[in-house]
Amino acid sequence: YVYCFDDNGNIKWKVLTDSSNTITSIEIADINNDGYDEIIVAGDSTISHNIHTIDRNGKILWKARAPEGINSIAIGDIDDNKKPDIVAGTVGRHGVYYKSSFLILLNSSGKCLWKQRTKRGTVKIKLWDINNDGKLEIFLGSLQYLWVFDYTGNEIMNYETKGYINDIIVDDIDGDEKNDIILASNDLYVLNSDGSLKWTNSAGMESINDLEIIDTNQDNCKEILVASDSLYLVDCDNNVIWSYHTKKAVKTISIGDIDGDSFPEIMAGSLDNNVYVFTQKGYQMRAEAERYYSLAKNLYAAGNLRKALENAMKAMDYYQQLNDTEKISDIEKLVSLIRDMIQKQNEEVILAYSYYNRSVSFYLHNDYINASFWAKKAKYKYQSLHNETMVIKSENIINNSYRYMRIEAEKLLNNAIINYNKSNYSNAILNAEDSSRRYIWLGDRNKSIESLELIATIYTALAEKQRHAGDFENASIYAQKALFVYGCIEESPEDYPPDCIPRNVSIKDIITLADEIRNLTYNKSHYMNEYLYLKSIIIAISENNTGSFIDDVVRNMKKSMRGFVNNISQPVEYIIKLIKWNFKIILVVIALAIVIFLLIIFLFMVIKTRREPTEEFEEEVHEEEHEGKFMDDIEKEITEEEIYEEVQEEDEVEKIRKDKTRGIGVTLKSLRR
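If you read the sequence shown in my numbering, its first letter stands for residue -15, the second for the next number, and so on.
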């Protein structure tokens, strides 16, 4: 029979499973997911149904038959289909454990999914997730053997003991974040998760019947409560820290708070017909006090001050009940520190809020660099304050700012290229620098380099433009800024975007700089061609070379004259320097003067040769001779430039006269007649 009692000990109902079926194992679980628990019972019958599922009203829902008598069952979702399964272990005929038997898996309707033959009869079945993969493994304890099977029935581990395995527990008892396997057999066995032996303990003179795990002092080193010839408490390091001797062997143990004082009691059933209940209030109270005190210190160190204060006050309450004045004093000091930090934390809350408000303000004004900057500061403050809600809000501003910043950077870079192609260099520089700043902030190395290369290109174009215009000072500044950008890019770390915007570049003397780079080839540089072009510009600037020959002559003569006026107090020394500075230009000027002089003489001779008198035009010839004589009289008095101008005037007069004659319409033939 299966009996159901109410909370007063009265029988609610009873169910007969089978007259030949002695019930050996019973489990309670919601086997059909209807929201109510069912009772699953198994028995040792070999001729009739030996597995029954009964609902809460005593109705048999279904029954099944295993090929042999069942000694142990366990309930759990083995195949991860969100439905409980039933695992049953049998014993050999007539309850013989040393003969082969079966491990059987049934679904929630009682259908057999598979069965696996085992070498020994089953003593205990437990389900545990030994490898933390989210799936339950089947632990089968038998005579001298532990087997571990996966959900398909494949054996994955085994271990041999020297007796019946009466209980199996899987737990991390030593806090190393790896499960341990604890076996109750002839001795206490503790195995690693791979099935290798960690240690054993005899724990009494008889076999071990039952096990429970408890952490009596909350030190992360759990204790094993062992039911053997007496009660034993073994810690995770294999030390027996407590024991109680009963008259006869202890068969079963349990742990629970039966008096509602928040401290679990230990209950043990012995063959001496006694039930023993052990209280651990004082022991547990001190353990709880130490736990809260340790937790308070850790929370204080982590900055979680309000939780730290809460745990410190709980520890204080326990120590006051234990009248431990030394610990009370220690906790009072901790509480004082926590309250001081809470005051400072309140100030940090105000500061974090101000950072967040700034980020919002900048974000609304489309200043995404500053918005993300202040949002980051707010995020770090809120993280230290453990305010996850505000951390998420700050991260949203950062992410959105980055998204819009990238759009802005692309647009600015495109505008910079357009303005550069239109020779609108001022706007091109502004656009390119704004684009580069955004890419640097975004951490985009490739794009920031692209923007910086454009900046260097624009400054190079500006340097060349100003050189042609004769503005050597600004040409020098622009060329050196371009030089700085290329050098900064090449020297920057490869994992970070280079911040090479030429804000405060140190400008060198252009002549000194030209001398420094004159012999450099830059053949190992990625920007060799750019460097060589800048080198030619810088050398030209250092020589005041605009690229226009006449402009260079005039400009250097003006410079020489200014130098002459400024240095008139030292004429001889200055003249020597002047000749040295302008030696090439002086040679060119002298050569030009000689060429001009020879040209004037040639023109003069041509004009003189063309003046021949005729009878028909005596009046004109007379005038020409008069003018020629006039030219001869003043030839020695006029300069070379005036001669050139007079000759030009002569030519013009000659042309006018010819035109005049041609305009009358008289031909040369008619005149000869």
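Positions of the beta carbon are idealized from the N, C-alpha and C atoms, including for glycine. Model, not experiment: these values are computed from the prediction.
Those residues which DSSP pairs with F123 across a bridge: K110 and V132
E372, DSSP secondary structure in three states: helix
Contact check, S4 vs I31, beta carbons under 8 Å: yes
For M589 and T496, the rounded distance between their alpha carbons: 53 Å
Same chain only: Cβ atoms within 7 Å of A271, ignoring 5 sequence neighbours per side: T200, N201 and Q202
Proximal residues to N258 (C-beta, below 8 Å), its chain only, five neighbours per side dropped: T230 and K231
Contact set for S419: own chain, Cβ-Cβ below 7 Å, skip 5 residues either direction: A393, L396, L397, A400 and S435
Beta-carbon proximity list for I35, same chain, < 6 Å, skipping 5 on both sides: A26 and A48
Inter-residue CB distance, P481 and D428 (contact presumed, cutoff 8 Å): 6 Å
Terminal residues of the beta strand (DSSP E) in which D69 lies: D69 to T74
CB-CB length for L167 against T145, believed under 8 Å: 6 Å
T530 Cβ short of 7 Å to the ligand SAH heavy atom set: Within the structure as shown, the ligand SAH is missing, as the structure has no ligands at all.
Beta-ladder partner(s) of C96, from DSSP: L90
Classification of E600 by the beta-carbon crowding that lies within 10 angstroms, buried from 16 upward: The predicted position of E600 is uncertain, since its pLDDT is 45 and thus under 50; a value taken from the coordinates is nonetheless stated next. Exposed: under 16 other Cβ atoms inside 10 Å.
Stretch pair the segment 384 to 393 + the segment 334 to 352: three plus CB contacts closer than 8 Å: yes
Through-space distance from S238 to M297, alpha-carbon basis: 32 Å
Three-state class that DSSP yields for Y480 in the structure shown: coil
Residues near F727 by beta carbon distance below 6 Å, same chain, minus five either side: Shown here, the chain extends from -15 to 657; a query on residue 727 therefore has no answer.
Beta-carbon gap between S85 and N16 smaller than 8 Å: no
I109 beta carbon less than 8 Å from that of G663: Beyond the ends of the chain as shown, which are -15 and 657, falls residue 663; an answer cannot be given.
Which of helix, strand or coil DSSP assigns to I242: coil
Nearest-angstrom Cα separation, counted from I197 out to P248: 12 Å
Backbone CA spacing between Y(-15) and C96 [nearest angstrom]: 24 Å
Residues of its chain near D213, where Cβ-Cβ distance is below 7 Å and the 5 sequence neighbours each way are ignored: G188, M189, E190 and A233
Delimiting residues of the beta strand (DSSP E) encompassing H452: Unbroken run through H452 is the alpha helix (DSSP H), R429 to H452; no beta strand (DSSP E).
Close-in-space but distant-in-sequence residues of the same chain around Y82 (CB under 8 Å, 5 per side omitted): G76, R104, G105 and L127
Beta-ladder partner(s) of H36, from DSSP: V25 and K47
Contact check, Q464 vs I491, beta carbons under 8 Å: yes
Cβ-Cβ separation, K235 to D301 (assumed contact under 8 Å), whole Å: Incorrect: roughly 39 Å between the Cβ atoms, too far for contact.
Alpha carbon of Y364 to alpha carbon of G240, nearest angstrom: 44 Å
Three-state secondary structure assigned by DSSP to L217: strand
Own chain residues within Cβ distance below 8 Å of L124, not counting five before or after: G73, L87, T102, T106, K108, I109, L130, W131, V132 and F133
8 Å Cβ shell around D(-9) - same chain, five flanking residues per side excluded: none
Of the residues I494, D493, E457 and I424, the one placed nearest D479, counting alpha carbons only: I424
Nearest-angstrom beta carbon gap, I153 and C220 [assumed within contact, 8 Å]: So it is not a contact: roughly 13 Å between Cβ atoms.
Inter-residue spacing [alpha-carbon to alpha-carbon] between I521 and S476: 25 Å
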